[in-house]
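Enquirer:
Numbering (the UniProt record's numbering), first residue to last: 1 to 966.
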């Protein structure tokens, strides 16, 4: 088959007039080819040959020179046995080539054998390199398939027909009317061309002319079609009200004329508009009604389209099982009808579902398949959108290099096809990546560029998203005033367009801003609003996120019971919706709460479960965060080697990811480990490194924390002047940031320095400042803690009356906020005061009450401390049996907790009991064991004290008896 065998009739329909394969299959001996492959040696032009038309019954047959070699498939040239008509499929590809280029096959070759060599080598033209053919990529893909060397690899004629059916085309209108006035149908076709070129105003004008003409002629079907097209124009311009009006008018006409297929098509379009308006119930109803009609009339293409729309609705509502079912059914129907664009869109929908289920490998698989189909049919817009979505997945996997590559590809394609929307979306994606990499300046630039494009397009939703991104960046930079402004602007826009999900997200962002400033009341209010909105729109993942944030609020206030409840509720929802990432994050939160409650076994269990989930998901950030939490638990258990090892693992992950913020934070934790082991040089080095990173990334809050840590290092080395200088610098930064909570933490450190210096006046002043800050914050827990510290200061000055009053006030505040751990701590302090006042009954009562609370809340550390206190009381009362009983219970608790310092203290106290009982050898053994532990953990002062008691007991003993005992 060749172009010369195709005629065009008066209705612009192609008619095949000759069947080359019928001759070719008979016998190869009947074929003759001229020496130069169909063009004489002297004629180097590519003009078409002369033909003779011969009547043969009721057929027309072309005869002439043997020109078929240029169109002949390789197997024809090789005289191979042929089945079906794959050789004609090869020729059909060349017919497409001729029509689109006006060139015959291999027009640059004039000799027979070079031409045959080219065919047998399958050296066909590269359609991608031809500028003209580059505009019809889907047709080029089909041509390339037709030219596959293996006949079995070529498509059938049915497959070709299916592919051609879905290629955009506008056949010319037939007829012989001489009228020069365009018909309504022609106006619609012209409008379609302009619409496909995104010339919406021009397209709308043509559609309106078609509507007026059809209405005047009483052609209601055409009028309905014009109304449908006008609705599409308004929809593309985000003019939803007008779109709904025109769709509704068209629906009324088609209902009156009984056109079911037309009605279904309109309902499908209405579903799209409602979805864009976030009216998911109305969208679902429209899609469902349309799908019912399409099913009744057996319209498979329509069924696929409405199933795809329903899949979108279910995905947005986190009904992932229903969404997957719809997308899969739609994909199968698109495949059946040969619609590659529909298949690609359905694959994208499936990819989205797997992305939201955090099944990233499957998501990437489906996105890649969709991108292949978009490439094959030449849909650059589809490719750009898919690359944008791939960027989102790589971003979620913390694969930032791949994410940037995908967003950049999306941006470059969008620039090439002049798609401003795509450019803005890609820039917003790049902004998120820069934000996650802590490249805040670049993130702000990307978000600002995206925002400006959205403003120009009048895209309120895109603009709101960009403002939300800006708020996120500003929050991470501790620019809370600016962040609050950006979030509020975004919230106003989301409210204006009725996007409740967007409203919930911005409320959550506002909650984070206030939580980070310790404005816990406001934070709780915002998170509660976000939770309620998500519940009203059936957004389970959003509701779980808000509950998790409420857990953060209560955890920050040391309100462990409600914090645990909120984390548990969030975990239950995440489990129900199969959100692995959410489960891991909630388990991390629970680990933090158990850590606060000194429930270290439960904390380790929660962190370990979270770590296992993050590992299965290949979620490196989550692994690093969880390792950091585990390191905290080991540190609190005085398991410094395990803690250091875990922190280093976390640091390695952060470094590999290029997460400067994570690395700086874990360096701060490592510094604490070095500090507790009296490795002051290593601690100082780590804090300085942390400070350098915070300074480089512009995190002023982090700089203040690092300086606070340096103050702690100097404090423990009794380098008081340097400690005060570091604390003061940190305090100035926190004051400039308006970070009252940060200032409070720093003042706590200063208070300790002054206390050690016996500078009780300044210590009292600092703790009084602390009370003022906590009053301003409305932080009752902070005020109670400051009073607790004041009680300790008064105790050290032997101002036992003031100490008692401070502890009692602190206890009352803790009781008011139902902080049982705080109540137990102040009772413990009161026990110490009463013990010093020799008020044994009051001391015993306070310690016992504190112990009961610690038992109730499961705080083993507190139980051990109070039992130690009770042992001290009974020892002072010369009740050695009772004292030894409580010391033994405390010793077991410390051993279970891995608290080596507590264990050493008990061993020393037991040494005192043995000494008083004149059991010098046992006393010496206990003092020796205590001394060795103190030495191992760097408790120098206590080590010296135990050594002195060891010397004392040695001197008190009968030398000869001591020697014989030894």
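Think of the CB as a built atom: it goes at the ideal place given N, C-alpha and C, for glycine as much as any other residue. Predicted model only: the values in this text are computed from it and were never measured.
Whose CA, out of 13, 490 and 602, lies closest to the CA of residue 859?
Expert: Locating residue 859 in the chain shown gives position 859, counting from the first residue. Out of 13, 490 and 602, 602 has the C-alpha closest to the C-alpha of residue 859.
Enquirer: To the nearest angstrom, how far is it from the Cα of residue 937 to the Cα of residue 757?
Expert: Residue mapping note: residue 937 aligns to position 937 of the chain shown, counting from 1. Residue mapping note: residue 757 aligns to position 757 of the chain shown, counting from 1. Taking the straight line from one Cα to the other gives about 24 Å.
Enquirer: Buried or exposed for residue 764, going by 16 or more other Cβ atoms inside 10 Å?
Expert: Here the question's residue 764 lines up with position 764 in the chain shown. Label assigned to residue 764: buried.
Enquirer: Beta-carbon within less than 6 Å of residue 967's beta-carbon, same chain only, minus the 5 sequence neighbours each way: which residues are those?
Expert: This structure cannot speak to residue 967, because the chain is shown only from 1 to 966.
Enquirer: For residue 14, which of helix, strand or coil comes out of DSSP?
Expert: In the chain shown, the residue the question calls residue 14 occupies position 14. DSSP places residue 14 in strand when its eight states are reduced to three.
Enquirer: Would you decide whether residue 46 is buried or exposed? Buried here means 16 or more other CB atoms lie within 10 Å of its CB.
Expert: Numbered from its first residue, the chain shown carries residue 46 at position 46. Because residue 46 carries a pLDDT of 40, less than 50, the predicted location of this residue cannot be relied on, and no value is offered for it.
Enquirer: Which residues in the same chain have their Cβ closer than 6 Å to the Cβ of residue 687, if we skip the five residues on either side of it in sequence?
Expert: Residue mapping note: residue 687 aligns to position 687 of the chain shown, counting from 1. Closer than 6 Å at Cβ, skipping near neighbours: 671, 706, 709 and 710.
Enquirer: DSSP three-state call for residue 206: helix, strand or coil?
Expert: For the purposes of this step, residue 206 is taken as residue 206 along the chain shown, with counting starting at 1. Helix, per DSSP.
Enquirer: Which whole-angstrom value is the C-beta distance of residue 469 and residue 440, which I expect to be below 8 Å?
Expert: Stepping through the chain shown from its first residue, residue 469 is reached at position 469. Stepping through the chain shown from its first residue, residue 440 is reached at position 440. Between residue 440 and residue 469 the Cβ distance is about 11 Å, and since that is not below 8 Å, they are no contact.
Enquirer: Quick test of the definition: if touching needs 3 or more C-beta pairs under 8 Å, does the segment 635-648 touch the segment 613-625?
Expert: Result no; under three Cβ-Cβ pairs closer than 8 Å.
Enquirer: Residue 501: which of 533, 510, 471 and 292 sits nearest, CA to CA?
Expert: In the chain shown, the residue the question calls residue 501 occupies position 501. The candidate whose alpha carbon is nearest that of residue 501 is 533.
Enquirer: What are the start and end residues of the alpha helix (DSSP H) that includes residue 95?
Expert: The sequence position of residue 95 within the chain shown is 95, counting from 1. Run containing residue 95: 86-101, per the alpha helix (DSSP H) assignment.
Enquirer: By Cβ distance, which residues of its chain are closer than 7 Å to residue 521, with the 5 residues on each side in sequence left out?
Expert: The count along the chain shown starts at 1 and reaches residue 521 at position 521. Closer than 7 Å at the Cβ level, and outside the excluded window around residue 521, lie 778.
Enquirer: By DSSP, does residue 817 sit in helix, in strand, or in coil?
Expert: As a first step, residue 817 must be located in the chain shown, where it is residue number 817. Residue 817: coil per DSSP, three-state reduction.
Enquirer: Which residues does DSSP pair with residue 7 in a beta bridge?
Expert: Numbered from its first residue, the chain shown carries residue 7 at position 7. For residue 7, which the question treats as bridged, DSSP gives the partners 15.
Enquirer: Just the C-alpha distance for residue 631 and residue 336, rounded to the nearest angstrom, thanks.
Expert: Here residue 631 is taken as the residue at index 631 of the chain shown, counted from 1. Here residue 336 is taken as the residue at index 336 of the chain shown, counted from 1. Near 56 Å, if we compare the C-alpha coordinates of residue 336 and residue 631.
Enquirer: With burial defined as no fewer than 16 other Cβ atoms inside 10 Å of the residue's Cβ, what is the status of residue 1033: buried or exposed?
Expert: With the chain running from 1 to 966 in the structure shown, residue 1033 is simply not present.
Enquirer: For residue 362, collect the residues of the same chain with a Cβ closer than 6 Å to its Cβ; drop the 5 residues on either side in sequence, then sort them by chain order.
Expert: Stepping through the chain shown from its first residue, residue 362 is reached at position 362. Contacts found: 354.
Enquirer: Determine, using beta-carbon pairs with one atom in the segment 140-151 and one in the segment 93-102, whether at least three such pairs fall under 8 Å.
Expert: At 8 Å Cβ cutoff, the stretches touch.
Enquirer: Below 7 Å CB to CB, which residues in the same chain sit around residue 472 once its five sequence neighbours on both sides are set aside?
Expert: Counting from 1 along the chain shown, the entry for residue 472 is found at position 472. Result list for residue 472: 435 and 509, in chain order.
Enquirer: Taking only the alpha-carbon atoms, compute the straight-line gap between residue 675 and residue 714 and give it to the nearest angstrom.
Expert: The residue given as residue 675 occupies position 675 in the chain shown. The residue given as residue 714 occupies position 714 in the chain shown. Cα-Cα distance, rounded: 10 Å.
Enquirer: Hey, quick one: how far does the alpha helix (DSSP H) through residue 496 stretch, first residue to last?
Expert: Along the chain shown, one-based indexing puts residue 496 at 496. Element bounds for residue 496: 480-497.
Enquirer: In chain order, what residues of the same chain lie with their CB nearer than 6 Å to the CB of residue 569, ignoring the 5 residues before and after it?
Expert: By one-based count along the chain shown, residue 569 stands at place 569. 547, listed in sequence order.
Enquirer: Report the rounded CA-to-CA distance for residue 507 versus residue 905, giving the unit in angstroms.
Expert: Position 507 of the chain shown, counting from 1, holds the residue named residue 507. Position 905 of the chain shown, counting from 1, holds the residue named residue 905. If I take the Cα positions, the gap works out to 50 Å.
Enquirer: Can you tell which of 296, 295 and 235 has its C-alpha closest to the C-alpha of residue 269?
Expert: Start at 1 with the first residue of the chain shown, and residue 269 comes out as number 269. If we check each option's Cα against that of residue 269, 235 comes out closest.
Enquirer: Can you give the Cα-Cα distance for residue 658 and residue 437, rounded to whole angstroms?
Expert: On the chain shown, residue 658 is found 658 positions in, with the first residue counted as 1. On the chain shown, residue 437 is found 437 positions in, with the first residue counted as 1. Each residue's alpha carbon lies about 7 Å from the other.
Enquirer: Taking 8 Å as the threshold (C-beta atoms), are residue 384 and residue 422 in contact?
Expert: For the purposes of this step, residue 422 is identified with residue 422 of the chain shown, where counting begins at 1. For the purposes of this step, residue 384 is identified with residue 384 of the chain shown, where counting begins at 1. Going by C-beta atoms, residue 422 is nearer than 8 Å to residue 384.
Enquirer: Tell me the residue span of the alpha helix (DSSP H) that contains residue 955.
Expert: Against the chain shown, residue 955 aligns to sequence position 955. Here the alpha helix (DSSP H) through residue 955 covers 940-956.
Enquirer: With a 10 Å radius around its C-beta and 16 neighbouring C-beta atoms as the bar for buried, classify residue 955 as buried or exposed.
Expert: On the chain shown, residue 955 is found 955 positions in, with the first residue counted as 1. Exposed, since its Cβ has fewer than 16 Cβ neighbours within 10 Å.
Enquirer: Mind checking whether residue 119 and residue 151 have CB atoms under 8 Å apart?
Expert: Within the chain shown, residue 119 is the residue found at index 119, counting from 1. Within the chain shown, residue 151 is the residue found at index 151, counting from 1. Contact: no.
Enquirer: Leaving out five residues before and five after residue 931 in sequence, what residues of the same chain have Cβ atoms less than 7 Å from its Cβ?
Expert: Residue mapping note: residue 931 aligns to position 931 of the chain shown, counting from 1. Only 943, 946, 947 and 950 meet the Cβ criterion.
Enquirer: With a cut-off of 8 Å, do at least 3 Cβ pairs link the segment 816-824 to the segment 854-872?
Expert: Cβ pair count under 8 Å is three or more, so yes.
Enquirer: What whole-angstrom Cβ distance do residue 493 and residue 464 have, given they're in contact under 8 Å?
Expert: Position 493 of the chain shown, counted from the start, is the residue given in the question as residue 493. Position 464 of the chain shown, counted from the start, is the residue given in the question as residue 464. Contact flag correct, Cβ pair sits at about 4 Å.
Enquirer: Does the beta-carbon distance from residue 650 to residue 666 come in below 8 Å?
Expert: The residue labelled residue 650 in the question sits at position 650 within the chain shown. The residue labelled residue 666 in the question sits at position 666 within the chain shown. A contact, by the Cβ cut-off of 8 Å.
Enquirer: Run the CB neighbour count on residue 418, radius 10 Å, all protein chains shown included, and call it buried at 16 or more, exposed below.
Expert: Counting from one through the chain shown, the residue named residue 418 turns up at place 418. With fewer than 16 Cβ atoms within 10 Å of its Cβ, residue 418 is classed as exposed.
Enquirer: Is residue 889 near the ligand GTP, judged by its Cβ being under 7 Å from some heavy atom?
Expert: For the ligand GTP, the structure offers nothing, since it holds no ligand at all.
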